[in-house]
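Take a look at the structure set out below.
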Amino acid sequence: MKIRYKKSEQGSTLITVLIMLILLTIAGTWAIRGSITSLNVSTNAQAQSLLMQSSDSVFVTMENRTNDDLKFAQMRVGDGALAFALRPENKGKELVFCVRGSKNDNFTGSRIASAVYWAGKTIKNSDLGKNGFCKVNRLSDFISGRKTVISQVSIRAADNSADWEHMLEGDDSATSKGKAIQKVIITAVSIIPNLSRSSATEVNDCLSNYTSFVDEVIKNKTTSECLAEKNVPYSVQDMEYTLKTLKAS
Numbered sequence: 055m056k057i058r059y060k061k062s063e064q065g066s067t068l069i070t071v072l073i074m075l076i077l078l079t080i081a082g083t084w085a086i087r088g089s090i091t092s093l094n095v096s097t098n099a100q101a102q103s104l105l106m107q108s109s110d111s112v113f114v115t116m117e118n119r120t121n122d123d124l125k126f127a128q129m130r131v132g133d134g135a136l137a138f139a140l141r142p143e144n145k146g147k148e149l150v151f152c153v154r155g156s157k158n159d160n161f162t163g164s165r166i167a168s169a170v171y172w173a174g175k176t177i178k179n180s181d182l183g184k185n186g187f188c189k190v191n192r193l194s195d196f197i198s199g200r201k202t203v204i205s206q207v208s209i210r211a212a213d214n215s216a217d218w219e220h221m222l223e224g225d226d227s228a229t230s231k232g233k234a235i236q237k238v239i240i241t242a243v244s245i246i247p248n249l250s251r252s253s254a255t256e257v258n259d260c261l262s263n264y265t266s267f268v269d270e271v272i273k274n275k276t277t278s279e280c281l282a283e284k285n286v287p288y289s290v291q292d293m294e295y296t297l298k299t300l301k302a303s
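Each residue of the sequence shown is one higher than the last, beginning at 55 in the numbering used here.
In structure tokens form, the structure reads like this:
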């Protein structure tokens, strides 16, 4: 009698092949997941770098302008950006404007800006109109033709009540105490709206219906906190400047 094992051997081969296919599928899935994770990390790093550079450019531009005596003077008078923030009646208000790549000069002042402030727990943002706020669905509001990053700038007066903090070496402490100084806080918020699943309406709401600072009385939500809640990639930077005295002509 002859015993044949051909069918049994074929069954074993099939099982082995199926196991190998399963292992290859699992390995391929892990490889794909690893690639996606690496891509996400790389994308996040690139996005943060781009956002930081965009916000930094705001302060570079501002410092270059203030180093030019004529441009600095223009910002301090009339409807200049600094003039608005430093008027006593505008205490607690922010002058807000969008850095638009299509404009040669985004720092001209309140003519192209909006004002935002809290009246109790109610936000006020229409005193100068609302065109100063960035809108993600307005292509001209992106900082470049690539339509990737939007940057919005806020300027407000800073507290200047501390005595002597502005003194320079050689100043007289007696005459410097209580001397009127002027300081402003400039906030730059940059976002990449295309990396968010939030609607244009939701992002626009964050940019126009909140201030960049917390009111100590009402403990309001800030622009950056609103963007974080909407999972919008953003970078926010604050700089406080002590303004130099205007030179006489």
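Heads up, the beta-carbon is just placed ideally off N, CA and C, and yes, glycines get one too.
Keep in mind that this is a model prediction, so the values were computed, not measured.
Contact under 8 Å by Cβ, residue i with residue j
{"i": "residue 212", "j": "residue 294", "result": "yes"}
{"i": "residue 140", "j": "residue 236", "result": "yes"}
{"i": "residue 262", "j": "residue 204", "result": "no"}
{"i": "residue 289", "j": "residue 109", "result": "yes"}
{"i": "residue 152", "j": "residue 195", "result": "yes"}
{"i": "residue 287", "j": "residue 173", "result": "no"}
{"i": "residue 238", "j": "residue 210", "result": "yes"}
{"i": "residue 246", "j": "residue 105", "result": "yes"}
6 Å Cβ shell around residue i - same chain, five flanking residues per side excluded
{"i": "residue 241", "result": "208, 266 and 292"}
{"i": "residue 120", "result": "126"}
{"i": "residue 115", "result": "none"}
{"i": "residue 229", "result": "Low per-residue confidence applies at residue 229: pLDDT is 49, beneath 50, and the placement is therefore not dependable enough to give any value."}
Pick from the options that is closest to residue i, judged by C-alpha positions
{"i": "residue 257", "options": "153, 187, 134 and 171", "result": "187"}
{"i": "residue 158", "options": "238, 197, 182 and 67", "result": "197"}
{"i": "residue 44", "options": "268, 74 and 79", "result": "Given that the chain is displayed from residue 55 to residue 303, the structure contains no residue 44 and the question cannot be resolved."}
{"i": "residue 264", "options": "247, 184, 155 and 129", "result": "184"}
{"i": "residue 147", "options": "68, 255 and 180", "result": "180"}
{"i": "residue 298", "options": "170, 171, 283 and 129", "result": "129"}
{"i": "residue 171", "options": "143, 75 and 255", "result": "143"}
Expected contact under 8 Å - CB spacing of residue i and residue j to nearest Å
{"i": "residue 285", "j": "residue 252", "result": "7 Å"}
{"i": "residue 202", "j": "residue 248", "result": "7 Å"}
{"i": "residue 272", "j": "residue 175", "result": "5 Å"}
7 Å Cβ shell around residue i - same chain, five flanking residues per side excluded
{"i": "residue 71", "result": "none"}
{"i": "residue 112", "result": "153, 205, 207 and 242"}
{"i": "residue 281", "result": "245, 260 and 288"}
{"i": "residue 134", "result": "128 and 163"}
{"i": "residue 117", "result": "none"}
{"i": "residue 214", "result": "235, 236 and 237"}
{"i": "residue 74", "result": "none"}
{"i": "residue 156", "result": "194"}
is_contact[residue i, chain D] using C-beta, thresh 8 Å
{"i": "residue 253", "result": "The structure shown contains no chain D, having only a single protein chain."}
Cut-off 8 Å between Cβ atoms - residues of its own chain near residue i, not counting five sequence neighbours on either side
{"i": "residue 250", "result": "257, 284, 285, 286 and 287"}
(message) Does the contact criterion of 3 or more C-beta pairs under 8 Å hold for the region 262–278 versus the region 190–205?
(response) The region 262–278 vs the region 190–205: no contact.
(message) Three Cβ pairs or more, each shorter than 8 Å: is that satisfied between the region 158–166 and the region 128–147?
(response) yes
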